[in-house]
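Peer 1:
Here it is, written out as structure tokens:
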């Protein structure tokens, strides 16, 4: 009887050990699932009255949402009725989204934001998180108050690598390409899938003559102006026909953390109709996020789910009227 009792006890103990082991094994997938990271949050800040960033940035946001499985927020210049109005320079909506953003993509021009709104952008930049900038972000702000002059030129130079200087002229706006784009550093993964093309963006001067790119800026693309007012005026010694159009750099803010910055002076609305430009933009977003090893050999997939037919560049009311922000699909 004693032997039988001991045998039953051993069998019961073994059964209980196996039972609890199975339960532990079942719990493991749940623990792993619980540790799944939250999706990246990418905030696109628009607000320019010339280049239709209110159209191009939502389009890029849609691609980023698909390719990075990201949460995306697009901030717009809105009027008092909540209608998109790029000509309103003193307000951009939803900038508080930058408080928990993992990446800021900014395409603004000559804004005069109030301090509380500007601080959302500034605080993000100082945090050391990555930044992607387009074209007119070299002159993101334009304050007349001498006490705020820092934001006009010094701030964009330190953050993006250059301020507003000049360009080669508004020739054939939207009718014909005016700048030839070629690679400077084909080893950079931002240029995966790159092929030379001609852009509608007239060439910005950022380097040469009395000017040079700031800090550790590393040009990866260059543009050659096909038509130039500076050539007509005999100023090519100051403003050469060839200039960088995309570069990488770092920015170390108050946090002491070094941020990755990708910047391009491309940005004409018709440029974004070309997959080459969308690919540079999306590859740059991947790079800024530290995901350059995830960029495919032929570049990020930038196939559009819906046609992208932006209005042409220009001032006044040349943007699409009576539009309110829509959810990003």
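In my numbering, the protein residues as written are 179 to 507. For each residue, glycine too, the CB sits at the ideal point set by N, CA and C. Keep in mind it's a predicted model, so treat the numbers as computed, not measured.
Looking at residue 475: is its Cβ nearer than 8 Å to the Cβ of residue 331?
Peer 2: For residue 475 and residue 331, no; Cβs fall outside 8 Å.
Peer 1: Taking C-alpha atoms, which residue in 447, 311, 306, 277 lies nearest to residue 295?
Peer 2: Out of 447, 311, 306, 277, 277 has the C-alpha closest to the C-alpha of residue 295.
Peer 1: Roughly how many angstroms lie between the CA atoms of residue 245 and residue 256, to the nearest whole one?
Peer 2: When rounded, the distance between both Cα atoms is 28 Å.
Peer 1: Please report the Cβ distance between residue 500 and residue 261, rounded to the nearest whole angstrom; I am assuming they are in contact, meaning their Cβ atoms lie under 8 Å.
Peer 2: Rounded, the Cβ-Cβ distance is 6 Å, consistent with contact.
Peer 1: Could you tell me which of 238, 308, 291 sits nearest to residue 433, measuring between CA atoms?
Peer 2: The shortest C-alpha separation from residue 433 is found at 308.
Peer 1: How would you call residue 258, buried or exposed, if buried means at least 16 neighbouring beta carbons within 10 angstroms?
Peer 2: That one is exposed.
Peer 1: For residue 210, does the three-state DSSP call read helix, strand or coil?
Peer 2: With a pLDDT of 34 at residue 210, under the threshold of 50, the modelled position of this residue cannot be trusted, and the question is left open.
Peer 1: Do residue 298 and residue 271 have their C-beta atoms within less than 8 Å of each other?
Peer 2: Cβ atoms of residue 298 and residue 271: not closer than 8 Å.
Peer 1: Quick one: residues in its chain with C-beta nearer than 7 Å to the C-beta of residue 217, no 5 flanking neighbours on either side, listed in chain order?
Peer 2: 247, 248, 249, listed in sequence order.
Peer 1: Using a Cβ-Cβ cut-off of 8 Å (strictly less than) and excluding sequence neighbours within five positions of residue 184, which residues of its own chain qualify?
Peer 2: A caution first: residue 184 carries a pLDDT of 40, below 50, which makes its placement in the model too unreliable to give a value.
Peer 1: On the DSSP bridge list, what partners appear for residue 376?
Peer 2: DSSP, once it has assigned bridges, lists 358 as partnering residue 376.
Peer 1: Do residue 437 and residue 429 have their beta-carbon atoms positioned less than 8 Å apart in this structure?
Peer 2: Yes.
Peer 1: Ignoring anything shorter than 3 residues or poking outside the region 398-459, list the beta strand (DSSP E) runs there in chain order.
Peer 2: Complete beta strand (DSSP E) runs here, min 3: 420-430, 436-442.
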